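The structure under discussion appears below in the form of structure tokens.
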Amino acid sequence: MATVKTLIPKKETEEKRIRVAAYCRVSTDSADQKDSFDAQVEYYTSYIGENPDWTLADIYADQGITGTSMTNRDEFNRMIADCRRGKIDRIITKSVSRFARNTVDCLDTVRQLSEFGISILFQKEQIDTSKMSSEFLLALTGVQAQDESVSISGNMRWSYEKRMKSGDFITCRAPYGYDLVNGTLVINETEAQVVKEIFEMFLLGISKPNIAKYLNSHGILPKHEKVPWSAVTVGYILRNERYIGDALLQKKFTTDTFPYVKRRNNGERRMYYVENSHPPIISREKFEAAKEVQRQRYPLKRKRPKHGLTGLLICQDCGKSFRRIQMNNKWYWRCANKGRGETDSNCHSIYLLEDDVCAALIRMINILRDNNEKILQKAIHSLELLQAKATGTQYKVYEIDKMIAETKNQIHL
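Using the working numbering, you'd call the opening residue of the sequence shown number -9 and step up by one each time.
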């Protein structure tokens, strides 16, 4: 007769402690020393260490980064990655505004982490996401935090424009030929000599690409760039009013609506031209002479309509987009890194005849048309696998269902 033994599971000698992480962020504009970067790190190390049921997982601290977007917050993104790897059970942060000032991002992150069984404690608002009733309150607080961010950004834009109008605006970046000292542009004699040589060479008839080759061959690098000189950077110096001691302010602007995006000012905002705002490197006469030469050599061309292939051809060698050019009465596509002085050596792609590109595109379309069911069925299978894993929000499931339906419809086109 068989003998049956009952195996009693061993009890753990001690309860598993909760792995707690802290996330903190401090804006560079904050004048409150209690909210300083180092102070928050020290506080959370002590706070988590005092609880016997907790063990410190890690402290994630972003310093001087805006709260309106999660894209550029390296520490925040590292924390989320560690949550996915199962290294964290609970997160503590000071407030919703420290965690996110975008309601959509905030709720999405909370729901995403809840799927992994990870809760968040917002200390200021006393919101604990392990309690489902907190989500509604969290949404309201997130809206308030986003409104606060919009208000602060509006105040900053008003302050910047006021200082531009009065001519008191302090630049945050010095162009080549200058150093920034206490908010004032001061001539860098070594770089200023290079600027003078660029103007001299251009007025002697040397082209921008050849000037760039000369600078690169002499080991001279742009101030803020790790890439060599090109015709583009040389051209920027030749038309930059900073070198005659003037400043054109608000060449770019940030949009008023959330999320904020920086755009080139093409007349959407007022610009302010400040004369004699700093010491000049080039005389006004020489600067105007260079402008006249540029007008003669490079007359303004009528803007051509955007080609259908623009942005679709990507260089496999360096990842840049291809551009359309005309040579010997024929149209070609070449990598944007080609034809820029010494930068040619960074990309080894070949020029593509447009007729060949169009012929290859037609062949690919025919292949897709003749094999669309086989190709799209694989896509549907992948989406269905993703659907099976999407046990979270109804929104995600709905989106996947929608993609499957649209893909199936493609088969019958």
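We put the CB at the ideal spot given by N, CA and C, even for glycine.
As the structure is a computational prediction, the values presented were derived from the model and not from experiment.
- Check whether the Cβ of GLU231 lies closer than 7 angstroms to any heavy atom of the ligand SAM, and answer yes or no. The ligand SAM is not among the ligands present in this structure, which contains no ligands whatsoever.
- Task: For the region 217 to 229 and the region 189 to 207, state whether three or more C-beta atom pairs, one from each stretch, are separated by less than 8 angstroms.
- Result: The region 217 to 229 is in contact with the region 189 to 207.
- My guess is that ARG63 and ASP79 are in contact by the Cβ rule of under 8 angstroms, so how many angstroms apart are they, rounded? At roughly 21 angstroms, the Cβ-Cβ gap does not stay under 8 angstroms, so ARG63 and ASP79 are not in contact.
- Task: Give a yes or no on contact between the region 172 to 183 and the region 260 to 273, applying the rule of three or more CB pairs nearer than 8 angstroms.
- Result: yes
- Query: According to the neighbour-count rule (16 or more other Cβ atoms, all chains shown, within 10 Å of its Cβ), is MET354 buried or exposed?
  - Reply: It counts as exposed.
- Message: Pop quiz: PHE112 and VAL86 are said to be a contact at Cβ under 8 angstroms. What is the actual Cβ separation, rounded to whole angstroms?
- Response: 5 angstroms
- Rounded to a whole number of angstroms, what is the C-alpha to C-alpha distance between LEU97 and ASP72? For the pair LEU97 and ASP72, the Cα-to-Cα distance works out to about 19 angstroms.
- Message: For a test of the three-state rule: what should DSSP assign to VAL217, helix, strand or coil?
- Response: coil
- Message: Taking the beta carbon of ILE352 as the centre, do at least 16 other beta carbons fall within 10 Å, making it buried, or is it exposed?
- Response: exposed
- Considering only residues of the same chain and omitting the five flanking positions on each side of ALA47, which have a CB-CB separation below 7 angstroms? ARG9, VAL10, ALA11, LYS77 and ILE78
- Residue interval of the alpha helix (DSSP H) (run including GLN284): Counting along the chain, the alpha helix (DSSP H) containing GLN284 begins and ends at 274 to 287.
- Task: Measure the beta-carbon distance from LEU238 to ALA280 and round it to whole angstroms, keeping in mind my assumption that it falls under 8 angstroms.
- Result: About 16 angstroms separates the two Cβ atoms, so there is no contact after all.
- Message: In whole angstroms, give me the CA-to-CA distance for SER273 and ILE234.
- Response: 6 angstroms
- Message: Short of 6 angstroms in beta carbon distance, which residues of its chain neighbour ARG232, apart from the five on each side in sequence? Order them along the chain.
- Response: PRO165
- Item | With 16 other Cβ atoms within 10 Å as the buried cut-off, status of ALA349 | exposed
- With DSSP as the reference, label THR381 as helix, strand or coil. Because the pLDDT of THR381 is 47, which lies under 50, any placement of that residue in the model is unreliable, and the question is left without a value.
- Which word fits LYS320, buried or exposed, when buried means at least 16 other C-beta atoms lie within 10 angstroms of its C-beta? exposed
- Cβ-based neighbour list, LEU403, same chain, cut-off 8 angstroms, excluding 5 preceding and 5 following: A caution first: LEU403 carries a pLDDT of 48, below 50, which makes its placement in the model unreliable, though a value can still be read off. Correct list, in chain order: ASN362.
- Query: Which term fits PRO42, buried or exposed, when burial requires 16 or more other beta carbons within 10 angstroms of its beta carbon?
  - Reply: exposed
- Task: Specify the secondary structure class of ASP72 as computed by DSSP and reduced to three states.
- Result: DSSP places ASP72 in helix when its eight states are reduced to three.
- Message: Which residue marks the beginning of the beta strand (DSSP E) containing ARG314, and which one marks its end?
- Response: Counting along the chain, ARG314 sits inside the beta strand (DSSP E) bounded by residues 312 to 317.
- Decide if ALA21 is buried, meaning its Cβ has at least 16 other Cβ atoms within 10 Å, or exposed. Confidence is the limiting factor: at ALA21 the pLDDT is only 48, short of 50, which leaves the residue's position unreliable and the question unanswerable from this model.
- Item | Nearest to ASP307 (by Cα), restricted to the options ILE315, ASN327, PRO289 and TRP323 | ASN327
- Identity of the residues DSSP links to THR174 by a beta bridge: VAL171
- Which residue's Cα is closest to the Cα of TYR263: GLN284, GLU282, ASP236 and GLN286? ASP236
- Task: Under 6 angstroms Cβ to Cβ from SER339, same chain only, skipping five residues before and after it: list those, please.
- Result: CYS305, ASP307 and CYS325
- Task: May I ask you to report which of helix, strand or coil DSSP gives SER36?
- Result: helix
- Classification of VAL100 by the beta-carbon crowding that lies within 10 angstroms, buried from 16 upward: buried
- Message: Bridge partners for TYR50 per DSSP, in chain order?
- Response: TYR13
- Item | Helix, strand or coil at ASP118 [DSSP, three-state] | strand
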